[in-house]
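Here the structure comes first, spelled out in structure tokens, and everything after it is commentary.
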Amino acid sequence: MKGVLVMLAVASLCGCGGGGGGSAAGPSTNNGVNTPPPAGGISVNNDAFSPATKSITAGTSLQWAWNSCTSGDPYSGTGQTCVEHSVTFDDGSASSALQSQGTFSKTFNTPGTYTYHCQVHGTMGMTGTITVTQ
Ligand SMILES: [Cu+2]
Numbered sequence: 042m043k044g045v046l047v048m049l050a051v052a053s054l055c056g057c058g059g060g061g062g063g064s065a066a067g068p069s070t071n072n073g074v075n076t077p078p079p080a081g082g083i084s085v086n087n088d089a090f091s092p093a094t095k096s097i098t099a100g101t102s103l104q105w106a107w108n109s110c111t112s113g114d115p116y117s118g119t120g121q122t123c124v125e126h127s128v129t130f131d132d133g134s135a136s137s138a139l140q141s142q143g144t145f146s147k148t149f150n151t152p153g154t155y156t157y158h159c160q161v162h163g164t165m166g167m168t169g170t171i172t173v174t175q
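Following my numbering, the numbering of the sequence shown begins with 42 at its first residue and continues without gaps.
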């Protein structure tokens, strides 16, 4: 029984075009890959986390998914642009990179209230709160 071709990983959904540019604050232009958040996940939109507040039980792994690519630059109005955002925890615990697409996951094992913000837009109100209960 030969000839059974094992499907090569179709997992290469890589849109890997953009290098993500160096400047910390500027939007980066690339092919625009948005990632829908999984059920129960959080969408990283331009200037807002959605939902901004979330309650989970201890041991839950949460995923943030970047949806910051738009067909028009949200600031200048033209072009395809993906804006860089971060999920940065106020307590200094593990956080995402400053990135314009992709995902970030974190598991919360200890009950408490965890606040986070975007490095770039936190002062504009791009903040979130995770409440972890037993
Ligand atoms: Cu941001």
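By construction, the Cβ of each residue, glycine as well, lies at the ideal position given by its N, Cα and C atoms.
Nothing here was measured: the structure is a model prediction, and the numbers come from that model.
Proximity below 8 angstroms, CB of residue i to CB of residue j
i	j	result
Glu125	Val161	yes
Gly81	Asn150	no
Thr109	Val85	The amino acid at residue 109 is misidentified as Thr; the sequence shows Ser. Result yes, Cβ atoms of Ser109 and Val85 sit closer than 8 angstroms.
Gln142	Thr76	yes
Asp131	His158	yes
Lys147	Ala135	yes
Pro152	Val173	yes
Identified DSSP bridge partners for residue i
i	result
His158	Thr129 and Thr168
Leu103	Lys147
Val173	Ile97 and Gly153
Gln142	Paired residues: none, contrary to the question.
Terminal residues of the beta strand (DSSP E) in which residue i lies
i	result
Asn86	Ile83 to Asn86
Ser91	Ala89 to Ser91
- Pull every residue with its beta-carbon under 6 angstroms away from any heavy atom of ligand 1, and keep them in chain order. His126, Cys159, Val161, His162 and Met167
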